[in-house]
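Asker:
Chains as they are written, first to last, in UniProt numbering: chain L, 1 to 114; chain P, 1 to 225.
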């Protein structure tokens, strides 16, 4: 729902790095987005096309890698991936678990032309 | 022309997180406790804020930052009527408050003598979870009529909170709400989080909330920086 705000933040970060590295043009951005982040790829792409027009990032491709959600049980240390409904530890049934992956929304790298 | 890959690995929304950190430092400097109230529309954010002011205003200086998506002052007017300083933030359609909006709200208030700042977030169970504001305590108000499955459907909002208020307990006889199922979802997301059941309407359980909040305000008031 707030993809516009995060896409603006993405454009700002990418532009800063592009200018720092004397880029003429940014050709692609490599993103890591966790499944728990609530960020919808299509929406990011939609806003990206709109707000990056006429900037150094115009027409840059968004390469989005998805990070699945992972939990670690604090009782028995079992690590497990989550797809579907929230569930207790599959090994011991404990609900004392921590998220260890899936929250990410990272700009990992950009590809530029000089 | 040459092409090149620039390694970055930067968290998007880092700028918001940094500003949130600065907001929190400004609150800390004044020994002011800031709480961020999140909930779906209609869960009872404003009602609980009003009950909280009624219960605590004799002992503490309170100020309120109201967030709304439309230029209305319905909630702010209710707070103002209790004689409490309040500032209204219109997000202009945005689905959440962010740290910059809260900064503007803080600038509109004189925080010097204030013990407690209550920030009423936009009614939404999704977006407010992603934007830190600088608050010390994040609270979600759930309510009986919303149903017991909300932790499973909107998990993120329950994860960074210090207190879960379950409101409208007076409606329990009329609504199928499985508290054990609800609580299990909360525990998975946020083990050990404080859960307080109350009814803003009848006042049942309100003292538990007020006493919990008093302890947090007092701890902040007497905290050494």
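From the three backbone atoms N, C-alpha and C, an ideal C-beta is built for every residue, glycine too.
Please give the ranges of any alpha helix (DSSP H) in the segment 85-159 of chain P, keeping only runs that are unbroken, at least 4 residues long and fully inside the region.
Answerer: You should have 99-107 and 150-153.
Asker: Take residue 63 (chain P) and list the residues in its own chain whose beta-carbon comes closer than 6 Å to its own, dropping the five residues that flank it on each side.
Answerer: Cβ neighbours of residue 63 (chain P) beyond the five flanking positions: 85, 109, 114 and 117.
Asker: When DSSP labels each residue in this structure, what does residue 60 (chain P) get in the three-state scheme?
Answerer: In the structure shown, residue 60 (chain P) sits in coil (DSSP, three-state: anything other than H, G, I, E or B).
Asker: For chain P, find out if any of its Cβ atoms is closer than 7 Å to the Cβ of residue 46 (chain L); answer yes or no.
Answerer: Chain P contact via Cβ: absent.
Asker: Pick out whichever of P:139, P:60 and P:132 has its Cα sitting closest to the Cα of residue 112 (chain P).
Answerer: Minimum Cα distance to residue 112 (chain P) is reached at P:60.
Asker: Residues in its own chain within less than 8 Å of residue 70 (chain L) by CB, not counting five upstream and five downstream?
Answerer: Cβ within range, chain order: 79, 80, 81, 82, 99, 100, 101 and 102.
Asker: Strictly by DSSP, which residues pair up with residue 60 (chain L)?
Answerer: Bridge partners of residue 60 (chain L): none, in fact.
Asker: How would you list, in chain order, the residues of chain L whose beta-carbon sits under 9 Å from the beta-carbon of residue 163 (chain P)?
Answerer: Result: empty, since nearest Cβ-Cβ is about 18 Å, beyond 9 Å.
Asker: Identify whether residue 11 (chain L) lies in helix, strand or coil by the three-state DSSP scheme.
Answerer: Helix.
Asker: On the CB-based measure, 16 or more other CB atoms within 10 Å of its CB, does residue 192 (chain P) come out buried or exposed?
Answerer: So residue 192 (chain P) ends up on the exposed side.
Asker: Compare the Cα-Cα distances from residue 128 (chain P) to each of P:13, P:214 and P:186 and report the closest residue.
Answerer: Checking every option, the nearest Cα to that of residue 128 (chain P) belongs to P:13.
Asker: Taking 7 Å as the CB-CB cut-off, is residue 106 (chain L) touching chain P?
Answerer: Yes, residue 106 (chain L) counts as interfacial toward chain P.
Asker: Using 8 Å for Cβ pairs, my map puts residue 4 (chain P) next to residue 112 (chain L). What's the rounded Cβ distance?
Answerer: Yes, they are in contact, since the Cβ atoms of residue 4 (chain P) and residue 112 (chain L) sit about 5 Å apart, within 8 Å.
Asker: Going straight from the alpha carbon of residue 13 (chain L) to that of residue 54 (chain L), what length do you get?
Answerer: For residue 13 (chain L) and residue 54 (chain L), the distance between alpha carbons rounds to 16 Å.
Asker: Between the alpha carbons of residue 104 (chain L) and residue 36 (chain L), how many angstroms are there, rounded?
Answerer: Their backbone Cα atoms lie some 8 Å apart in a straight line.
Asker: Name the chain L residues that come within less than 8 Å of residue 2 (chain P), Cβ to Cβ?
Answerer: Here the neighbours are 113 and 114.
Asker: Unbroken alpha helix (DSSP H) runs of length 4 or more, entirely within the segment 24-57 of chain P: which are they?
Answerer: DSSP runs (the alpha helix (DSSP H)) wholly in the segment 24-57 of chain P: 45-56.
Asker: Can you tell me which of P:33, P:36, P:18 and P:6 puts its alpha carbon nearest to the alpha carbon of residue 115 (chain L)?
Answerer: Lying before the first or after the last residue shown, residue 115 (chain L) is absent from chain L, which here runs from 1 to 114.
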